[in-house]
Amino acid sequence: MAKNSSASLKAVKERPATKANENILVKGARTHNLKNVTVEFPRNKFIVVTGVSGSGKSSLTIDTLFAEGQRRYAESLSAYARQFMARMNKPDVDFIKGLCPAIAIEQKVSTRTPRSTVGSMTEIYDYLRLLFARAGHTISPISGREVKKDDVKDVIEAIQKLPEGSRILMLAVFKQHANRQVKEELNILLQKGFSRMYASADPSAVGSTGAEGEVIRIEDLLEMSDQDLEQKFTPSTSSSNHLTTFILVDRIVKKDFDEDDIHRLSDSIGTAFYEGEGEMYLRIGEQLVHFSNKFELDGIQFEEPVPNLFSFNNPFGACPVCEGFGMVLGIDPDLVIPDKRLSVYEGAVAPWKGEKMGLWRDNFVRAARSFDFPVHTPVADLTKEQYDILWKGNRYSEGINAFFKEVEQNLYKVQYRVMLSRYRGRTSCTACEGYRLRKEALYVKVGEKHIGELCQLPVKDLYDWFKGLQLTEYDQQVSKRILIEINNRIKTLLDVGLGYLTLNRLANSLSGGESQRIQLTRSLGSNLTNSLYILDEPSIGLHSRDTERLIKVLKELRDLGNTVVVVEHDEMMMRDADHIIDMGPFASHLGGEVVAAGDYDQIISNSESLTGKYLKGELQIEPPAHIRKSHHSITVHNARHNNLKDITVEFPLDVFCVISGVSGSGKTTLIKQILAPALKKLKGEFAEKVGFHKAISGDTDYISQVEMIDQNPIGKSSRSNPVTYIKAYDEIRDVYAKQPMAKMRGFQPKHYSFNVDGGRCDACKGEGEQVVEMQFLADVHLVCDVCNGKRFKEEVLEVTYKMKSIYDVLNMSVDEAIEFFKDEKGIAKAIQPLQDVGLGYIKLGQSSDTLSGGEAQRVKLASFLGKGKGIGHVLFIFDEPTTGLHFHDIKKLLTSFNALIEQGHSILVIEHNTDVIRSADWVIDLGPEAGDKGGNLVFSGVPSELKNAKESYTGRFM
């Protein structure tokens, strides 16, 4: 043992000490395409790593710096976790000196569970639960009075307020239990140590005064006959007279109580509460004072506030009907009234049609004059009261709910079952009204609001609500620390531009950029110091106005004593950075070097740096020489879904049109929830629910299809990859199946597929890796030890084309593959679009779940570029396609857009990048602010005139 100790001590002495201010040095990094890179990261600085897409930024930061930080952390864990360390790949680097604990915040939507919300991800909801458990007041839904219960402390305080010398009897109501005689009950009390009983006037009126009661020894009572005993004392369960029998627990005379007296009082009060099953009385002179430790009022037994009562992820707090999801399968209002532009008279209520069911509509219309219901007004224009009458009915007429009740009573008839199924869908839970919690949790209020109402407020309104919150002195004291944590996190959400979100917004409905900034909020809330934060493009989805706020937040993180490394292309970020590392010079095998490092001025003065040339203005993305004129258009009339303010917007076709505006201004609502699904439904395709608008007019027939190209992964399986998505892999498999050795062994194209059994590795099923679940840690991905990550069986890998196996081909970058397959024109042509959209650096067989949102989007774009003109006139809708793109790559992307327009298609882009906006033919700017202060059409016209729109934030940054 001593020998081991001295050896470990020697090892510690030999290891170089890390100074707190020592920079992080990476020496000899060779991960992926890095070419033996040695680079220094200044400690406690705000560092931007930039460079063209595929130049090695993520390889250096995530795959080298973070991977080594994570590996070192894992070495300090339990033996269970360490057993996988031998199989965890160490980054290919000589050494990293001065590395501190590393935290990576990536731009993937981190969860797909329908239970995770913005509130739970930021931990704000956890603190809200604590706040309501500590400072919440339960309000009775019947009388509106606060529900309170008495405890030992309350009784002692009442006694201490009495005048000196007051005589007090401590009493508990005598309860006669079922199947026990009075004598038997008295014997049990005697055994428990009680010696006296007390009979008095009925205490049902608390504070009542009556004749002095009678104190009787239990032993005297036991000597009486059963009949005399019944006459002498009537137990409280009987109402034959107005006497109530008590157990005399203790007798006290008020004086200055010392500590021993207080202990005795506490014991006696506890005993009285126990014997009285939650209730006890003090007899003070002729007055009876009642105390109860039951949490009840108005005949209702309420739940005491505890944190789990407010958790929809816990069976104790979750709504029993929807089980905490907030949604149930029920009558879907959007299916019952599919077209809200129609009035009740015009047949807006879809099931009220036909000879029999139409009678419901006729009856409602006839009765409408009795309560002034506007039967000729479109359903969309009804007030909330009128809409509720349509559903719930009133004394004059029955509504839609009554109609479906009758349908459910006739479900033994097949036509009624068919009808009901037609109008069923996911709808808000009727029991909890979408709040996800049991009703007892919603009785608890802080500042006159329950926790569900707070979660439905936009974060900016929630911030104002907490600022104006008035609490009692006691509540202020118990919730002081909780309120600090809540306010800090809410303020950070505002600072990173997410003030328009609500806490109950589902995590799986967030964009990659929103998800990443929420993780940043959680990291800031934890107040870690001396850590290394690595962020992958946090400015995604942010308007230039919000990027300024984000930079401020990142600097706060640095000022806490952390090193902040940001992989970024945003010019504003680079101007504010303390240090910039420019990777390049180009992508893939032509990149992987540090081209320049230093502050902003050093980067722009470096002649080798492509980034520097764009920042200086030597290279730039030129606006188009000619603005295209549109000859066709589509108009959305009176859009008022979410925060849209009844706007009418015209979208030109055959041109490059950009939708801009600050984050949360209504761009996604207008395009992804109204325009795209409405056009798809017009084309007879399946689409999600269409957001509310009056009509769509214009040249809808001119479009053959609508393609929404967003940042969702290109495939659900980890085996999906770019080359299979663009349909080029089939031809590659054919080439390998034609090789002499493949023919000799009887291999067919299917043997080169990792999706079906045959040639793929049986151990990992063609994945190339095995995933080990690490319980409370992130899953560990380990290389398959049978095929060593090559995905195919040994005999399949022995078949080569130009000395390369199928594994070697899948490991090639797009740029390398185009050169390699130059003799196979079909393959080269199929892969070419990937290079055209700036993805020349990605590997052909790269798993889809390792692609960023922007890369996945550009793979989808490449698949359409490859199809050419044979797909009719398509309206392409892109959601922030510049995600993850360097200036140089944006230039390539705009060329791809122009190629699609030349093929006769139309392009609509949701974008914040000012270079893209300048390059557009038409700009539609929404705003001016986010949330309820947005949703207006601020500008519509050519980009050059946008700067004249005074309300437009986009115009200011142009």
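Numbering of the sequence shown is given in UniProt numbering, commencing with residue 1 and proceeding in unit increments. Backbone N, C-alpha and C fix where the C-beta goes; we use that ideal spot for every residue, glycine too.
Residue i and residue j closer than 8 Å at C-beta
i: T138; j: V444; result: yes
i: residue 976; j: S55; result: Because the chain spans 1 through 958 in this model, residue 976 falls outside it and cannot be assessed.
i: R251; j: S200; result: no
i: L844; j: M812; result: yes
i: D362; j: A348; result: no
i: F325; j: P91; result: no
i: M197; j: L169; result: no
i: G854; j: P833; result: no
i: I581; j: I47; result: yes
i: residue 959; j: F371; result: Residue coverage of the chain in this structure runs from 1 to 958, which leaves residue 959 outside it and unanswerable.
i: T122; j: R558; result: no
Backbone secondary structure at residue i - three-state DSSP
i: A29; result: strand
i: F371; result: helix
i: I732; result: helix
i: K947; result: helix
i: N241; result: Here N241 scores only 46 on pLDDT, less than 50, and its place in the model is too uncertain to base an answer on.
i: S208; result: Since pLDDT at S208 reaches only 43, below the 50 mark, its modelled position is unreliable, and no value is offered.
i: G330; result: strand
i: V379; result: helix
i: M958; result: coil
i: K743; result: helix
i: H263; result: helix
i: Q770; result: strand
i: Q476; result: helix
i: M708; result: strand
i: K653; result: Rather than Lys, the amino acid found at residue 653 in this sequence is Leu. In this structure, L653 counts as coil in the three-state DSSP scheme.
i: L169; result: strand
i: N488; result: helix
i: E146; result: strand
i: H751; result: helix
i: A199; result: strand
Sequence-distant residues of its chain with Cβ nearer than 6 Å to residue i (five each side left out)
i: E707; result: V874, F876
i: L908; result: C657, I877
i: E951; result: P928, V938
i: I482; result: Y127, L130, L131
i: S239; result: Note on S239: pLDDT 43, under 50, position unreliable in the model; the coordinate value appears next. Hits under 6 Å: none found.
Beta-carbon contacts of residue i that lie in its chain and below 7 Å, excluding the five residues immediately before and after
i: S944; result: none
i: G766; result: R719, F754, N755, R760, R791
i: S523; result: I103, I105, Y533
i: L186; result: I218, L221, L222
With 16 other Cβ atoms within 10 Å as the buried cut-off, status of residue i
i: I188; result: exposed
i: D815; result: buried
i: F302; result: buried
i: V253; result: exposed
i: Y80; result: exposed
i: R43; result: buried
i: F95; result: exposed
i: K460; result: buried
i: K405; result: exposed
i: P163; result: exposed
i: K3; result: With a pLDDT of 41 at K3, under the threshold of 50, the predicted position of this residue should be treated as unreliable, and no value is reported.
i: G499; result: buried
i: D762; result: exposed
i: N241; result: Only weak support is given to the placement of N241: the predicted model assigns it a pLDDT of 46, under 50, and the question is left unresolved by the model.
i: P749; result: buried
Nonlocal neighbours in the same chain, by C-beta distance under 8 Å from residue i, ignoring five residues either side
i: S143; result: L297, D298
i: V206; result: Annotation note: pLDDT 42 at V206 (below 50); position unreliable, coordinate value reported separately. So the qualifying residues of the chain are L288, V289, H290.
i: S58; result: D536, V567
Closer than 8 Å to chain C by CB, residue i
i: S863; result: The chain inventory of the structure shown lacks chain C, comprising one protein chain alone.
Inset, instruction - Kindly confirm or deny that the segment 822-830 and the segment 723-741 touch, where touching means at least three C-beta pairs closer than 8 Å. - result: The answer is yes - the segment 723-741 touches the segment 822-830, with three or more Cβ pairs under 8 Å.
Inset, instruction - Spell out a yes or no on whether the segment 128-146 and the segment 300-309 are touching, meaning 3 or more CB-CB pairs, one atom from each, closer than 8 Å. - result: With the cut-off at 8 Å, the segment 128-146 and the segment 300-309 touch.
Inset, instruction - Inspect the CB distances between the segment 629-646 and the segment 61-80 and report whether three or more fall short of 8 Å. - result: Touching, no.
Inset, instruction - Examine the Cβ distances between the segment 598-607 and the segment 659-675 and report whether three or more of them are shorter than 8 Å. - result: With a cut-off of 8 Å, the segment 659-675 and the segment 598-607 do not count as touching, because too few Cβ pairs lie within range.
Legend entry - Stretch pair the segment 900-913 + the segment 925-941: three plus CB contacts closer than 8 Å: Verdict: no, contact absent.
Inset, instruction - Determine, using beta-carbon pairs with one atom in the segment 265-283 and one in the segment 169-185, whether at least three such pairs fall under 8 Å. - result: Segments in contact, yes.
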